[in-house]
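Note that the sequence shown covers residues 651 to 914 in the numbering used here.
Glycine included, every Cβ here is placed at the ideal spot set by N, Cα and C.
Every value quoted in this text rests on a predicted model; they were computed, and no experiment measured them.
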Amino acid sequence: MKKITTLTTIALASILLTACVEQPNAKEEATTHTKHATAHHKHWGYSGDVAPAHWSALDDKFHMCSEGKEQSPIDVVATKDVELAPLSISYGQGSKSIINNGHTVQVNIKGGDTLTINGEAYELKQFHFHTPSENHVNGKSFPLEAHFVHATKDGKLAVIAVMFEEGTENPTLNKIVKSFPLEKNKEAKLEFSKEYLDVVMPPKRDYYHFMGSLTTPPCSEQVNWFVLKQPQTASAEQIAAIHKEIGMNNNRPVQASNGRSIEK
Ligand SMILES: [Zn+2]
Numbered sequence: 651m652k653k654i655t656t657l658t659t660i661a662l663a664s665i666l667l668t669a670c671v672e673q674p675n676a677k678e679e680a681t682t683h684t685k686h687a688t689a690h691h692k693h694w695g696y697s698g699d700v701a702p703a704h705w706s707a708l709d710d711k712f713h714m715c716s717e718g719k720e721q722s723p724i725d726v727v728a729t730k731d732v733e734l735a736p737l738s739i740s741y742g743q744g745s746k747s748i749i750n751n752g753h754t755v756q757v758n759i760k761g762g763d764t765l766t767i768n769g770e771a772y773e774l775k776q777f778h779f780h781t782p783s784e785n786h787v788n789g790k791s792f793p794l795e796a797h798f799v800h801a802t803k804d805g806k807l808a809v810i811a812v813m814f815e816e817g818t819e820n821p822t823l824n825k826i827v828k829s830f831p832l833e834k835n836k837e838a839k840l841e842f843s844k845e846y847l848d849v850v851m852p853p854k855r856d857y858y859h860f861m862g863s864l865t866t867p868p869c870s871e872q873v874n875w876f877v878l879k880q881p882q883t884a885s886a887e888q889i890a891a892i893h894k895e896i897g898m899n900n901n902r903p904v905q906a907s908n909g910r911s912i913e914k
């Protein structure tokens, strides 16, 4: 039976979709960074003064990063064995662009691809990568994790996470890797048809479900997470190429699950 938590209505989508976008002009940012950092939202990152442990101190708007009780990522260990409904996915419109926003490499979707949860359509907005993985599964980390980010019109969020282990080369990732190097904060054309469906839809679509948060500031909660159990494969070269393009480890450390329900 369906055991998907009903979400409260929070306009998170715009936050999520802009949270990663830094100053659009890298040159301008370099010269005026200090001014901007105090005037606008704070620069955040994965090391030094702006590392995850400091996120909540960087900006009042980031308070959930330290105060939240259902933060992501987590070590996914199932607490509840239920009969989860199959993921209801209708993808195929394709992508329009790719961007290195300084935090990740992100593929933007044309629109119209949906994940349906309890009769409500969540539209796929983008997918992006973390090296190494953010979520762990039963204590295990993976070298690469993809997040497929969906939002309803009123801003409810759902993320499908796909783990990659090192192995056979992945044709979809090849198309992404071929677009490297990317100019930072500048969208480049990348027209996928629906190949990314193969990444998110391995032959077995079983998943873990739990409630969590954005893994980047402002760390907003009430995000429906679906972590696919079956990892995909990527070659060592592909994983290295994505890591090199991102330029760092961009994984927030695992957060306390605080007894939350993790369904399998
Ligand atoms: Zn992510």
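Whole-angstrom distance between residue j and residue i, CA atom to CA atom
| i | j | result |
| --- | --- | --- |
| Phe712 | Asp699 | 15 Å |
| Ala676 | Gly695 | Residue placement at Ala676 cannot be trusted, given a pLDDT of 36 that sits under 50; the coordinates are not used to answer. |
| His800 | Glu784 | 18 Å |
| Leu823 | Lys719 | 34 Å |
| Glu871 | Lys730 | 21 Å |
| Ser722 | Phe830 | 28 Å |
| Leu864 | Phe792 | 19 Å |
| Ile892 | Glu815 | 14 Å |
| Leu828 | Met851 | One detail in the question is off: residue 828 reads as Lys in this sequence, not Leu. Rounded to the nearest angstrom, the two C-alpha atoms are 22 Å apart. |
| Ile759 | Ala703 | 31 Å |
| Glu845 | Asn901 | 25 Å |
| His683 | Asp804 | With a pLDDT of 40 at His683, under the threshold of 50, the modelled position of that residue is not reliable, and no figure is offered here. |
| Asn908 | Leu807 | 21 Å |
| Ser697 | Asp709 | 17 Å |
| Glu717 | Ala707 | 11 Å |
Nearest to residue i (by Cα), restricted to the options the options
| i | options | result |
| --- | --- | --- |
| Gln882 | Ser843, His859, Pro853, Lys894 | Pro853 |
| Val904 | Val757, Ile896, Gly862, Ile892 | Gly862 |
| Ile912 | Tyr857, Thr865, Ile749 | Tyr857 |
| Asn750 | Asn835, Leu734, Glu815 | Asn835 |
| Ala735 | Thr818, Leu840, Arg855, Glu895 | Arg855 |
| Gln776 | Phe842, Phe798, Lys914 | Phe798 |
| Ile896 | Gly761, Ser706, Glu795, Val732 | Glu795 |
| Pro782 | Ala906, Met898, Arg910 | Met898 |
Residue i beta carbon near ligand 1 (any heavy atom closer than 7 Å)
| i | result |
| --- | --- |
| His800 | no |
| Thr781 | no |
| His797 | yes |
| His778 | yes |
| Thr883 | no |
| Thr766 | no |
| Thr822 | no |
| Thr865 | yes |
Stretch pair the region 800 to 813 + the region 873 to 885: three plus CB contacts closer than 8 Å: yes
Contact the region 724 to 732 vs the region 785 to 797: 3+ CB pairs below 8 Å: yes
Any alpha helix (DSSP H) of 4 or more consecutive residues that is wholly inside the region 826 to 850: Given a length threshold of 4 residues, each whole run of the alpha helix (DSSP H) inside the region 826 to 850 is given here in chain order: 846 to 850.
At least 3 beta-carbon pairs within less than 8 Å: the region 760 to 767 vs the region 736 to 749: yes
Unbroken stretches of the beta strand (DSSP E), 3 residues or longer, contained in the region 777 to 822: Taking only runs of at least 3 residues, the beta strand (DSSP E) segments lying wholly in the region 777 to 822 are 794 to 801, 807 to 816.
Runs of beta strand (DSSP E) wholly within the region 731 to 772 (minimum 3 residues, chain order): The qualifying runs are 738 to 740, 745 to 750, 755 to 759, 764 to 767.
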